[in-house]
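Participant: Numbering (UniProt numbering), first residue to last: 1 to 278.
Note that beta-carbon positions come from the ideal geometry of N, C-alpha and C, so glycine has one too.
(1) So which of 259, 92 and 134 has the shortest CA-CA distance to residue 111?
(2) Taking the alpha-carbon positions, what's the residue 116 to residue 127 distance?
(3) Can you name, in chain order, every residue of its own chain whose Cβ lies under 8 Å from the Cβ of residue 253, other than the five neighbours on each side?
(4) Just the C-alpha distance for residue 74 and residue 109, rounded to the nearest angstrom, thanks.
(5) Does the count of Cβ pairs from the stretch 191–198 and the stretch 254–262 closer than 8 Å reach three?
(6) What is the DSSP secondary structure of residue 188, reduced to helix, strand or coil?
(7) Closer than 8 Å is the cut-off here; do at least three beta carbon pairs connect the stretch 99–106 with the stretch 146–160?
(8) Pull up the distance between the alpha-carbon of residue 58 and that of residue 65, whole angstroms please.
(9) Go ahead and pull the three-state DSSP assignment for residue 236.
(10) Can you name the residues that DSSP bridges to residue 156?
(11) Between the Cα of residue 232 and the Cα atoms of 124, 165, 180 and 163, which residue gives the shortest distance?
(12) Check whether the stretch 216–233 touches the stretch 162–182, taking contact to mean three or more Cβ pairs, one atom from each stretch, closer than 8 Å.
(13) I want to know whether the stretch 195–209 touches the stretch 152–162 - three or more CB-CB distances under 8 Å.
(14) Just how far apart, CA to CA, sit residue 31 and residue 113?
(15) Need the endpoints of the alpha helix (DSSP H) that residue 56 sits in, please.
(16) Use the C-beta contact count for residue 249: other C-beta atoms within 10 angstroms, 16 or more gives buried, fewer gives exposed.
(17) Run the CB neighbour count on residue 60, radius 10 Å, all protein chains shown included, and call it buried at 16 or more, exposed below.
(18) Return helix, strand or coil for residue 261, following the three-state DSSP convention.
(19) Who are the Cβ neighbours of residue 238 in its own chain at under 7 Å, not counting the five residues just before and after it?
(20) Here's a check: name, in chain order, each residue in its chain whose Cβ is nearer than 7 Å to the Cβ of residue 186, leaving out the five neighbours to either side.
(21) Quick one: complete beta strand (DSSP E) runs, 3+ long, within the UniProt domain "Deacetylase PdaC" (60–141)?
(22) Can you give me the Cβ contacts of residue 266 inside the same chain, cut-off strictly under 7 Å, excluding the 5 residues immediately before and after it?
(23) Please report the residue range of the alpha helix (DSSP H) in which residue 196 lies.
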């Protein structure tokens with residue numbers, strides 16, 4: 001039998017421990033039953049009612065689901081809803097694969113492991129990350145990588161196409177990210193001290209994936225997280241590339257920090273004050 005995926009198993013073990021602890025606490029909420037939604041439904045007729053996201057753990061001989069949320073996300077109903085939609089989309093995809101098994105039983109349970117973390121919380125910016133994987137057979141799971149940048153004062157998500165509304169902005173980010181990733185590949189290959197022919201082949205293959213994954217398209221740069229300076233202003237945006245986008249699975253998730261000086265000439269005027277100048 002295929003050994004359990006390490007990230008997924010770790011997430012399930014942690015969630016199981018969390019559930020056990022909560023059972024022992026006075027007044028602790030009862031964990032949702034298998035198949036329960038990860039978000040409590042809002043009050044009927046009240047579209048603005050807050051969601052309450054709760055950790056989820058489901059397990060049987062066909063699939064395992066483990067999802068964990070930071071409690072702070074529930075303070076922002078719109079952000080909580082966006083996070084819940086991401087989780088439900090991942091869960092729906094997994095369950096579609098499970099349903100496709102029919103009456104068969106997989107050699108190893110299908111798995112969804114998803115962990116959210118609160119990366120940043122200020123009066124103007126709240127950032128939540130989603131990282132995990134979905135396993136439906138094969139050598140390894142499909143990576144899940146998401147970033148949510150919430151603007152509390154505007155009560156909305158900040159997307160890259162709103163932040164950089166012109167084609168020139170995406171071109172600037174694309175050029176900068178591509179250069180950084182190409183340089184990183186060259187340095188890594190040089191450090192491996194490979195024969196010249198093998199080195200050239202590796203660089204050519206890597207460069208092809210980088211060029212494809214950094215084309216100036218909003219879809220390629222949709223996952224980002226602000227990096228703040230001591231003044232609370234954005235000094236850079238860290239663009240996040242999941243495995244397969246700009247490199248093989250073995251390279252893992254890769255990131256490039258694009259400085260404010262590159263971004264500011266292209267940032268929409270209503271968001272320019274978020275960024276550091278000079």
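Facilitator: The short version:
(1) Position 111 of the chain shown, counted from the first residue, corresponds to residue 111. Ranking the options by Cα distance to residue 111, first place goes to 134.
(2) Counting from 1 along the chain shown, the entry for residue 116 is found at position 116. Counting from 1 along the chain shown, the entry for residue 127 is found at position 127. Separation of residue 116 and residue 127 (C-alpha to C-alpha, rounded to the nearest whole angstrom) is 10 Å.
(3) By one-based count along the chain shown, residue 253 stands at place 253. Closer than 8 Å at the Cβ level, and outside the excluded window around residue 253, lie 131, 143, 145, 240, 241, 242 and 243.
(4) As a first step, residue 74 is located in the chain shown; it is residue number 74 there, counting from the start. As a first step, residue 109 is located in the chain shown; it is residue number 109 there, counting from the start. Rounded to whole angstroms, the gap between the alpha carbons of residue 74 and residue 109 is 31 Å.
(5) As far as the Cβ criterion goes, the stretch 191–198 does not touch the stretch 254–262, which means the pair count is below three.
(6) As a position in the chain shown, residue 188 is number 188, starting the count at 1. Three-state DSSP puts residue 188 in a helix.
(7) Because the criterion of three Cβ pairs below 8 Å is not met, the stretch 99–106 and the stretch 146–160 do not touch.
(8) The sequence position of residue 58 within the chain shown is 58, counting from 1. The sequence position of residue 65 within the chain shown is 65, counting from 1. Looking at the two C-alpha atoms, the distance is approximately 5 Å.
(9) In the chain shown, counting from the first residue as 1, residue 236 sits at position 236. If DSSP states are grouped into helix, strand and coil, residue 236 belongs with the strands.
(10) Against the chain shown, residue 156 aligns to sequence position 156. Its beta-bridge partners are 151.
(11) Counting from one through the chain shown, the residue named residue 232 turns up at place 232. Taking only the C-alpha atoms, the option nearest residue 232 is 124.
(12) With the cut-off at 8 Å, the stretch 216–233 and the stretch 162–182 touch.
(13) No, the stretch 195–209 is not in contact with the stretch 152–162.
(14) Looking up residue 31 in the chain shown gives position 31. Looking up residue 113 in the chain shown gives position 113. Low confidence applies to residue 31: its pLDDT is 34, below 50, so where it sits in the model is not reliable enough to give any reading.
(15) As a position in the chain shown, residue 56 is number 56, starting the count at 1. Careful: residue 56 lies outside any alpha helix (DSSP H), inside the beta strand (DSSP E) at 56–59.
(16) One-based indexing of the chain shown puts residue 249 at position 249. Answer is exposed; the Cβ neighbour count stays below 16.
(17) The sequence position of residue 60 within the chain shown is 60, counting from 1. So residue 60 ends up on the exposed side.
(18) Residue numbering aside, residue 261 sits at position 261 when the chain shown is read from its first letter. Here residue 261 sits in helix by DSSP.
(19) The residue you call residue 238 lines up with position 238 of the chain shown. Counting only Cβ-Cβ distances below 7 Å, and skipping sequence neighbours, we find 224, 225, 227, 255 and 257.
(20) For the purposes of this step, residue 186 is identified with residue 186 of the chain shown, where counting begins at 1. In its chain, beyond the 5 residues on either side, 203 have a beta carbon closer than 7 Å to the beta carbon of residue 186.
(21) Those beta strand (DSSP E) runs which fall completely within the UniProt domain "Deacetylase PdaC" (60–141) and span 3+ residues are 63–68, 110–121 and 126–135.
(22) Stepping through the chain shown from its first residue, residue 266 is reached at position 266. Within the same chain, residue 266 has close Cβ partners 164, 166, 168, 169 and 172.
(23) Position 196 of the chain shown, counted from the first residue, corresponds to residue 196. Bounds of the alpha helix (DSSP H) holding residue 196 are 196–213.
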